[in-house]
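Each remark here refers to the structure printed beneath this line.
In our numbering, the protein residues as written are 12 to 406.
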């Protein structure tokens, strides 16, 4: 096995760490709520605290990755992730748990930026989009597997076992990273990190209309996914009466569907093009939201069926859309990945937080989050007059 192959395996292992830290402990949330003496609302905050940190830290992860290399940013991220997992497992109170979740989010953000930038370093155009889609497919397997693993671990050793497992698994990746990832800096480091040119790069990012439109698409669909993750335990276990393992397997089934859509995305792109693939994913999200408007909060099966449609749309388009945001910026791939990741994570968490503050039912909250994707869909549909740098990828 060549070094490049091993590096690809390590890079692929970095991407799932983000969703893993959410999905693996979802079945344990009722037990954790009891252990910490917390309300449902207080326990749900462990998700947005993590995602906000995940988003904000990407603003720093990109420049660090460009300045000191992919190995340095991966090492920092993996180390923080291990520390946060250990801290969460031994958290004495809720505030400590929140802090541990923030540390996990900081670590996961660095690993995700590293992975996206590494792909942009080594692949271009549709090839980069293909590998990003495969990464999304692997990410899609996390909601399929992690809740089941978390449910089993919690059933045997308690809720802390999930965090211990994360610490051990990531420690192994941390040990392998120096032998697989290159320690040299990006060849365009000085362009990306120099103060004057960093401003120029940021200006070019935020003035590039395709970057903004496709980042908005990533943000709205990710926000809907976060809303789904936050709302699903209440709809399934509180309203629907599901037990932990039934809930875990339900999430697993939807995760399997997400993985199928992610791996199918390159095939779809080859047939209809990147732009239409993104539009198809957005249309699936909007259709899901429209259907959920008419679902009763006790209709668990209908809720999960329509949530699966929206989740499938997200998985179909997210890798392709992310590739389109990075493609115009080979000179600052790390910075572009970090800004795009910040917009997706922070903006998505904000969408989920806002809909969660409403007095709507669970299905209606998710419907609102999904319907926000109408905005980027309309912008893309009417963007034919824009001068798009990546026109070849949009054909």
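Quick reminder that beta carbons are idealized off the backbone N, C-alpha and C, glycines included. These numbers were taken from a predicted model, which means no experiment stands behind them.
Local Cβ density within 10 Å of residue 77, reported as buried at 16 or more and exposed below that: Classification for residue 77: buried.
By how many angstroms is the C-alpha of residue 355 removed from the C-alpha of residue 329? If you draw a straight line from the Cα of residue 329 to the Cα of residue 355, it comes to about 10 Å.
Spatial neighbours of residue 380 within its chain, please: C-beta separation below 6 Å, excluding the five flanking residues on both sides. So the qualifying residues of the chain are 234, 235, 238, 362 and 366.
Taking residue 53 as part of the alpha helix (DSSP H), name the residues at either end of that continuous run. Its alpha helix (DSSP H) spans residues 51-55.
Taking only three categories from DSSP, how would you classify residue 320? Here residue 320 carries a helix assignment [DSSP, helix/strand/coil].
On the criterion of 16 or more Cβ atoms from any shown chain inside 10 Å, does residue 183 qualify as buried, or is it exposed? Its Cβ having fewer than 16 others within 10 Å, residue 183 is exposed.
Name the two residues that bound the continuous alpha helix (DSSP H) containing residue 229. DSSP places residue 229 inside the alpha helix (DSSP H), whose first and last residues are 220-244.
So residue 242 packs on residue 376, CB below 8 Å; how close in whole Å? Rounded, the Cβ-Cβ distance is 6 Å, consistent with contact.
Roughly how far, in whole angstroms, is the beta-carbon of residue 119 from the beta-carbon of residue 29, given that I think they are within contact range, below 8 Å? Taking C-beta atoms under 8 Å as the contact rule, residue 119 and residue 29 qualify, at a distance of about 5 Å.
Compute the beta-carbon to beta-carbon distance between residue 260 and residue 247, rounded to the nearest angstrom, for a pair I have assumed lies under 8 Å. Actually they do not touch by this definition, with Cβ atoms about 11 Å apart.
Quick check on residue 255: does DSSP put it in helix, strand or coil? The three-state secondary structure of residue 255, taken from DSSP, is helix.
Identify whether residue 170 lies in helix, strand or coil by the three-state DSSP scheme. Of the three classes helix, strand and coil, the one that applies to residue 170 here is coil, per DSSP.
Which runs of the alpha helix (DSSP H) spanning at least 4 residues fall entirely within the stretch 68-126, listed in chain order? Correct list: 69-79 and 81-100.
Helix, strand or coil for residue 291, going by three-state DSSP, please let me know. It is helical.
Reduced DSSP category for residue 310 - H, G, I as helix; E, B as strand; rest coil: For residue 310, the three-state secondary structure derived from DSSP is coil.
Who are the Cβ neighbours of residue 89 in its own chain at under 7 Å, not counting the five residues just before and after it? These residues qualify, in order along the chain: 118, 122, 181, 184, 185 and 188.
Can you give me the C-alpha to C-alpha distance between residue 264 and residue 155, rounded to a whole angstrom? Cα-Cα distance, rounded: 6 Å.
Using 8 Å as the cut-off, can you tell me whether the stretch 296-305 makes contact with the stretch 270-277, which would need three or more C-beta pairs spanning the two stretches below that distance? Flag = no, the stretch 296-305 and the stretch 270-277 do not touch.
Around the C-beta of residue 58, are 16 or more other C-beta atoms found within 10 angstroms, so that it is buried, or is it exposed? Residue 58 comes out buried.
By the three-class DSSP mapping on this structure, what secondary structure does residue 350 have? Residue 350 falls in the helix class under three-state DSSP.
Alpha carbon of residue 373 to alpha carbon of residue 290, nearest angstrom: A straight-line Cα-Cα distance of about 26 Å links residue 373 and residue 290.
Using DSSP with H/G/I as helix, E/B as strand and the rest coil, what is residue 370? In this structure, residue 370 counts as coil in the three-state DSSP scheme.
I'd like to check one pair, residue 303 with residue 378: are the Cβ atoms closer than 7 Å? One thing to note: residue 378 has its Cβ within 7 Å of the Cβ of residue 303.
The stretch 333-340 touching the stretch 53-67, judged by at least three CB pairs closer than 8 Å: No: the two stretches stay apart, fewer than three of their Cβ pairs being nearer than 8 Å.
Would you give the residue range spanned by the alpha helix (DSSP H) that residue 248 belongs to? Where residue 248 is concerned, there is no enclosing alpha helix (DSSP H), given that its DSSP letter is neither H nor E.
Taking the alpha carbon of residue 67 as the reference point, which residue from 215, 271 and 115 has its own alpha carbon closest? Comparing alpha carbon positions, the residue from 215, 271 and 115 closest to residue 67 is 115.
Please list, in chain order, all residues of the same chain as residue 142 whose beta carbon is under 6 Å from its beta carbon, the five residues on each side excluded. Contacts found: 130 and 134.
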